[in-house]
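Chemist:
Protein chains: 2
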Amino acid sequence: MDAMIAQDQRQRPDPLRDMPEADEVLTIGEMCQSFDVTARALRFYEAKELISPRREGQRRLYTRRDRARLKLILQGKRFGFSLEDIRQLLDLYDLGDQQTTQLTKTYELAVERLGIMEAQRDELDVAIADLKQQLAWGRDLLKARGIDI
Amino acid sequence: MDAMIAQDQRQRPDPLRDMPEADEVLTIGEMCQSFDVTARALRFYEAKELISPRREGQRRLYTRRDRARLKLILQGKRFGFSLEDIRQLLDLYDLGDQQTTQLTKTYELAVERLGIMEAQRDELDVAIADLKQQLAWGRDLLKARGIDI
DNA sequence: ACGTAGCTTGACGCTTACGTCAACTTTGGG
DNA sequence: CCCAAAGTTGACGTAAGCGTCAAGCTACGT
Chain A
1 MDAMIAQDQR QRPDPLRDMP EADEVLTIGE MCQSFDVTAR ALRFYEAKEL ISPRREGQRR
61 LYTRRDRARL KLILQGKRFG FSLEDIRQLL DLYDLGDQQT TQLTKTYELA VERLGIMEAQ
121 RDELDVAIAD LKQQLAWGRD LLKARGIDI
Chain B
150 MDAMIAQDQR QRPDPLRDMP EADEVLTIGE MCQSFDVTAR ALRFYEAKEL ISPRREGQRR
210 LYTRRDRARL KLILQGKRFG FSLEDIRQLL DLYDLGDQQT TQLTKTYELA VERLGIMEAQ
270 RDELDVAIAD LKQQLAWGRD LLKARGIDI
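One line per chain: the protein sequences are A and B, in this order. When we follow our numbering, the leftmost residue of the first sequence carries the number 1, and every step to the right adds one. When we follow our numbering, the leftmost residue of the second sequence carries the number 150, and every step to the right adds one.
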């Protein structure tokens, strides 16, 4: 399984490059800049088994695969997934290339999540409407006191 | 035992119309049923100085005022306020009858919160749109494998 | 040789809003 | 009188997602 870690070309990359080359490995600091996350967060994700960068001695090296996973992680967070949810999805995602049933499961999870998010938004809409009404009430009250807004 | 609260639902101007009689005092257990909160939560709110029911011996008795405040608390939570936010708002609210400047401040806080909530909803809308697109992609992928959804 | 920049692990801290005992006291019913 | 229900305080636990030291390693430039 680890057969693709064959070549260890250490060509020095331009320090400030917009997009890392596909086969380039990044240090943790470079990852931080690329993705705007803290090193602590990256180590945390690793502790939670969401990513597993290889090591060169002690130091972490993030491959293209790790970057892809991190991207999915951050995307998942935007979707409101917990890290645990994301871990499971990533696991399923890995299997997805072979096990179509798992891919289906991922899909279903996502559909479910979509439902949750839409429900959340609807609640939020209600709360917003309520608050607006409160504000109208407050405006009237202030108006009655001769305060102009 | 706890016979259902007689709901003499005539229209009242009181915002607490779904609540017990206006001058009735409730025990903590009755409050829990009325508002669907736990006793722990009520004591917690009290510890945080959001409500201060009077005592009869050791036991708490919640008056109409307490009920009104609790309602505002729960409403505030729906609006996404933290309990600390709510405490400040309640304090301002108390003063509001006399200090118009404070009422104005409450109003401004609420406006600010509204902005936050609308921003949240917009983010959520974006996330939803993204997720929907992902789902479309997933559908295609599954379709290519001959899986029907 | 030396400093420093970047990296490492470990471990405790933080925040919010309660949950969950534990050990009592008070109250009402039979 | 006795018991169970309901109430009380106090204190510790929990969850998420990291932040923030602490202390030490190591490569690199001067």
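For each residue, glycine too, the CB sits at the ideal point set by N, CA and C. Since we're looking at a predicted model, the values are computed, not measured.
(1) Verify the CB distance criterion: does B:R263 have a CB-CB separation below 9 Å to chain A?
(2) If you measure from the beta carbon of A:V25 to each beta carbon in chain B, is any gap under 9 Å?
(3) When the cut-off is 9 Å and only beta carbons count, does B:M266 lie next to chain A?
(4) Short check: CB of A:K71 to CB of A:L92, under 9 Å?
(5) List the residues of chain B whose Cβ lies closer than 8 Å to the Cβ of A:F79, in chain order.
(6) Using CA coordinates, which residue listed in B:L199, B:V186 and B:Y211 is at the minimum distance from B:D172?
(7) Note down, in chain order, every chain B residue with its Cβ under 8 Å from the Cβ of A:A68.
(8) Using DSSP with H/G/I as helix, E/B as strand and the rest coil, what is A:T106?
(9) So that I know if they touch, is there some Cβ in chain A lying closer than 9 Å to that of B:L294?
(10) Identify which residue in B:D271, B:A278, B:S183 and B:F228 has its Cα closest to the Cα of B:R213.
(11) Please report how far the alpha carbon of B:R166 lies from the alpha carbon of B:R216, in whole angstroms.
(12) Taking the CB atoms as reference points, tell me whether B:L280 and A:F79 lie closer together than 9 Å.
(13) For B:E272 and chain A, any beta-carbon pair shorter than 9 Å?
(14) So, does the CB of B:R161 fall closer than 9 Å to a CB anywhere in chain A?
(15) Run through the DSSP bridge pairs and tell me what B:Y211 is partnered with.
(16) Are B:L223 and B:V186 touching if we call contact CB-CB under 9 Å?
(17) Output yes if chain B places a C-beta closer than 9 Å to the C-beta of A:R139; else output no.
(18) Which residue comes first and which comes last in the beta strand (DSSP E) that contains A:E56?
(19) Would B:Q283 count as contacting chain A if we go by Cβ distances under 9 Å?
(20) Give the interface partners of B:Q269 over in chain A, defined as CB-CB distance under 8 Å, in chain order.
(21) The alpha helix (DSSP H) with B:E195 in it runs from where to where?
(22) Pick helix, strand or coil for B:E170, following the three-state DSSP scheme.
(23) Beta carbon of B:L239, beta carbon of B:L199: below 9 Å?
(24) Is A:F35 helix, strand or coil by DSSP?
Modeler: This is what the structure holds:
(1) Taking the first residue of the second sequence as 1, we reach residue 263 of chain B at position 114. Reading off the sequence, residue 263 of chain B comes out as Leu, not Arg. B:L263 counts as touching chain A.
(2) The residue labelled residue 25 of chain A in the question sits at position 25 within the first sequence. So, not an interface residue.
(3) As a position in the second sequence, residue 266 of chain B is number 117, starting the count at 1. By this cut-off, B:M266 is an interface position.
(4) Here the question's residue 71 of chain A lines up with position 71 in the first sequence. Here the question's residue 92 of chain A lines up with position 92 in the first sequence. Cβ atoms of A:K71 and A:L92: not closer than 9 Å.
(5) Translated into the one-based positions of the first sequence, residue 79 of chain A becomes position 79. Here the neighbours are A276, D279 and L280.
(6) On the second sequence, residue 172 of chain B is found 23 positions in, with the first residue counted as 1. For the residues B:L199, B:V186 and B:Y211, the minimum Cα distance to B:D172 belongs to B:Y211.
(7) Within the first sequence, residue 68 of chain A is the residue found at index 68, counting from 1. The contacting residues do not exist; A:A68 stays about 14 Å from chain B at best.
(8) Position 106 of the first sequence, counting from 1, holds the residue named residue 106 of chain A. In the structure shown, A:T106 sits in a helix (DSSP, three-state: H, G or I).
(9) If you number the second sequence from 1, residue 294 of chain B lands on position 145. With the sequence shown as reference, residue 294 of chain B is identified as Arg, and Leu is not the correct amino acid for it. Yes, B:R294 lies at the interface with chain A (some Cβ there is under 9 Å from its Cβ).
(10) Taking the second sequence and counting its residues from 1, one reaches residue 213 of chain B at position 64. Of B:D271, B:A278, B:S183 and B:F228, the residue nearest in Cα terms is B:S183.
(11) The count along the second sequence starts at 1 and reaches residue 166 of chain B at position 17. The count along the second sequence starts at 1 and reaches residue 216 of chain B at position 67. Low local confidence applies: a pLDDT of 43 at B:R166 is under 50, so the model's placement there is unreliable, and no value is given.
(12) By 1-based counting over the second sequence, the position of residue 280 of chain B is 131. By 1-based counting over the first sequence, the position of residue 79 of chain A is 79. Yes, the pair counts as a contact, with Cβ atoms nearer than the cut-off.
(13) For the purposes of this step, residue 272 of chain B is taken as the residue at position 123 of the second sequence. Yes, B:E272 counts as interfacial toward chain A.
(14) In the second sequence, the residue the question calls residue 161 of chain B occupies position 12. With a pLDDT of only 33 at B:R161, under the threshold of 50, the placement of this residue in the model should not be trusted, and no figure is reported.
(15) Indexing the second sequence from 1 puts residue 211 of chain B at position 62. Answer is B:L175.
(16) Start at 1 with the first residue of the second sequence, and residue 223 of chain B comes out as number 74. Start at 1 with the first residue of the second sequence, and residue 186 of chain B comes out as number 37. Result yes, Cβ atoms of B:L223 and B:V186 sit closer than 9 Å.
(17) One-based indexing of the first sequence puts residue 139 of chain A at position 139. Interface residue, yes.
(18) Residue 56 of chain A sits at position 56 when you count from the first residue of the first sequence. Taken as a continuous stretch (DSSP letters only), the beta strand (DSSP E) holding A:E56 covers R54 to E56.
(19) Working through the second sequence from its first residue, we reach residue 283 of chain B at position 134. At least one chain A Cβ lies under 9 Å of B:Q283.
(20) Position 120 of the second sequence, counted from the start, is the residue given in the question as residue 269 of chain B. The contacting residues are L124.
(21) As a position in the second sequence, residue 195 of chain B is number 46, starting the count at 1. B:E195 -> alpha helix (DSSP H) spans A188 to A196.
(22) For the purposes of this step, residue 170 of chain B is taken as the residue at position 21 of the second sequence. Of the three classes helix, strand and coil, the one that applies to B:E170 here is coil, per DSSP.
(23) To locate residue 239 of chain B, count along the second sequence from 1; it is residue 90. To locate residue 199 of chain B, count along the second sequence from 1; it is residue 50. Cβ atoms of B:L239 and B:L199: closer than 9 Å.
(24) Numbered from 1 along the first sequence, position 35 holds the residue referred to as residue 35 of chain A. Of the three classes helix, strand and coil, the one that applies to A:F35 here is helix, per DSSP.
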